[in-house]
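To start, the structure itself, in structure tokens.
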Amino acid sequence: MNILLLLVPISLLLLGVAIWAFAWAVRRGQFDDLDTPAIDILREDDPLDPQRQRAPTANQAGDDAG
Numbered sequence: 417m418n419i420l421l422l423l424v425p426i427s428l429l430l431l432g433v434a435i436w437a438f439a440w441a442v443r444r445g446q447f448d449d450l451d452t453p454a455i456d457i458l459r460e461d462d463p464l465d466p467q468r469q470r471a472p473t474a475n476q477a478g479d480d481a482g
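Structural data, given as structure tokens:
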């Protein structure tokens, strides 16, 4: 029974921390847009600029080998 004198205040403290963390997240806008991040994964990436799309030539590939 004496353990309740320790566990009840600890649980109330943890509850207070959880409520504070939730209020902090709401104030910081963590729950403003829940749908867009999931859809962003499905969107196509922007195409690369033409210079980066070209494969290296034989001379450039040979220079990298050393």
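Our numbering numbers the first residue of the sequence shown as 417 and each following residue consecutively.
For every residue, glycine included, the Cβ atom is placed at its ideal position computed from N, Cα and C.
Secondary structure note for PRO425: its alpha helix (DSSP H) is the uninterrupted segment 420-443. When the beta-carbon positions are compared, PHE447 and ALA441 come within less than 9 Å of each other. In the structure shown, the three-state DSSP call for PRO453 is helix.
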